[in-house]
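Notes to accompany the following structure.
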Amino acid sequence: LLCAAFATGSAYRASRLYQADQALTAWWHTNTDKSRNDIHRYIDLIRDDPDALDFYAQMLFQNEYYDAAISEMNRLAELRLSADLLADLGRAYVATDRYQEAHECFARSSRMVPGLLTPHYLTWQLLRDEGHTAQAIHTARQIIHFKPKVESHLTRAMQKEALHCLILCHKK
C-alpha cells in the first residue's frame, strides 16, 4: 500500500495508508468489533487504493460479511477488474445464495483468462450444489480435459476431484 503513496510523493497519504494498513492488519489478526470499527476511520482512503480495497474486501469475505464484501468487490471491479476478482465475487454471490450472479461472474472470469481453470471448477461446484447433475457432469468432463495456462498442484487437484466425481457418478 505504501509504495504507491511514496511514489507519488505524498508523505501525508503514505502516513494515512500506513495507519489504514495497521488497522486492517489488526482486524485480520484479532477479528474484534473494535478492530473492525477502527477501519471505518480510513474507509475513504481504503476505497481509493485498489490494493487496500482488495485486502479489505477479502477480509470481509473471510469474516463472512458477504454482502459488504460484494459491495466492496464491485467497487474494486470499477477500479481494477481481474479474472481472480470475478471468481472471488462469484464465491461471495454463492455464499449469499445469488447463484445466477455467481454463474455470470464465473463465466466472465473464464472469458477474461481462457486458460484459467478456477472459474470452470467453481461453476462445476455450483452446478453440483444446485442439483444440475447433467450440466455438472458435462462441466466435470471439460475440467478433466482442460489444458490450464499454468499447471500446478492446485489445477491437478481440481482435475483429480472432477475425475473422482465422474467415477462415482458412473458407478451409480
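What the sequence shown shows, in my numbering, is residues 3 to 174, in sequence order. Beta carbons are placed, not taken as given, at the ideal position from N, Cα and C, and that holds for glycine.
Original post:
Which whole-angstrom value is the C-beta distance of Lys124 and Ala79, which I expect to be below 8 Å?
Top reply: In the sequence shown, residue 124 corresponds to position 122, counting from 1. In the sequence shown, residue 79 corresponds to position 77, counting from 1. A small correction: the amino acid at residue 124 is Leu; Lys does not occupy that position in the sequence shown. In this structure Leu124 does not touch Ala79 by the C-beta definition: roughly 17 Å separates them, more than the 8 Å allowed.
Original post:
If you draw a straight line from the alpha carbon of Glu163 to that of Glu132, how long is it in whole angstroms?
Top reply: On the sequence shown, position 161 is the one that residue 163 refers to. On the sequence shown, position 130 is the one that residue 132 refers to. Rounded to the nearest angstrom, the two C-alpha atoms are 18 Å apart.
Original post:
Taking just the CA atoms, how far does Thr141 sit from Asp40?
Top reply: Along the sequence shown, read from residue 1 onward, the residue named residue 40 stands at position 38. Along the sequence shown, read from residue 1 onward, the residue named residue 141 stands at position 139. Distance between the alpha carbons of Asp40 and Thr141: 44 Å.
Original post:
For Asn76, does the three-state DSSP call read helix, strand or coil?
Top reply: As a working note, residue 76 is residue 74 in the sequence shown. Here Asn76 sits in helix by DSSP.
Subject >> Inter-residue spacing [alpha-carbon to alpha-carbon] between Arg93 and Lys173 >> reply: Within the sequence shown, residue 93 is the residue found at index 91, counting from 1. Within the sequence shown, residue 173 is the residue found at index 171, counting from 1. Looking at the two C-alpha atoms, the distance is approximately 30 Å.
Subject >> Three or more C-beta pairs below 8 Å linking the segment 11-27 and the segment 37-56 >> reply: Output reads yes: the segment 37-56 touches the segment 11-27.
Original post:
From Leu168 to Ala13, what distance separates their C-alpha atoms?
Top reply: Position 166 of the sequence shown, counting from 1, holds the residue named residue 168. Position 11 of the sequence shown, counting from 1, holds the residue named residue 13. Distance between the alpha carbons of Leu168 and Ala13 is about 57 Å.
**OP:** Give the secondary structure of Pro52 by DSSP, where H, G and I count as helix, E and B as strand, and everything else as coil.
**Re:** Within the sequence shown, the letter at position 50 stands for residue 52. Pro52 falls in the helix class under three-state DSSP.
Original post:
Ser37 by DSSP, collapsed to three states: which one?
Top reply: By one-based count along the sequence shown, residue 37 stands at place 35. DSSP places Ser37 in helix when its eight states are reduced to three.
Original post:
Using a Cβ-Cβ cut-off of 6 Å (strictly less than) and excluding sequence neighbours within five positions of Pro99, which residues of its own chain qualify?
Top reply: Here residue 99 refers to the residue found at position 97 when the sequence shown is read from its first residue. Rather than Pro, the amino acid found at residue 99 in this sequence is Asp. Correct list: empty, nothing qualifies.
Original post:
How many Å lie between Asp56 and Trp30 at the Cα?
Top reply: Reading the sequence shown from its first residue, position 54 is the one you call residue 56. Reading the sequence shown from its first residue, position 28 is the one you call residue 30. Cα to Cα, the separation comes out at about 13 Å.
Original post:
Looking at the structure shown, is Gly133 part of a helix, part of a strand, or coil, going by DSSP?
Top reply: Looking up residue 133 in the sequence shown gives position 131. Three-state result, Gly133: coil.
**OP:** Would you mind sorting Gln64 into buried or exposed? The rule is 16 or more other CB atoms within 10 Å of its CB.
**Re:** Reading the sequence shown from its first residue, position 62 is the one you call residue 64. Classification for Gln64: exposed.
Original post:
Mind checking Ala138: buried by the 16 CB within 10 Å criterion, or exposed?
Top reply: Position 136 of the sequence shown holds residue 138. Answer is buried; the Cβ neighbour count reaches 16.
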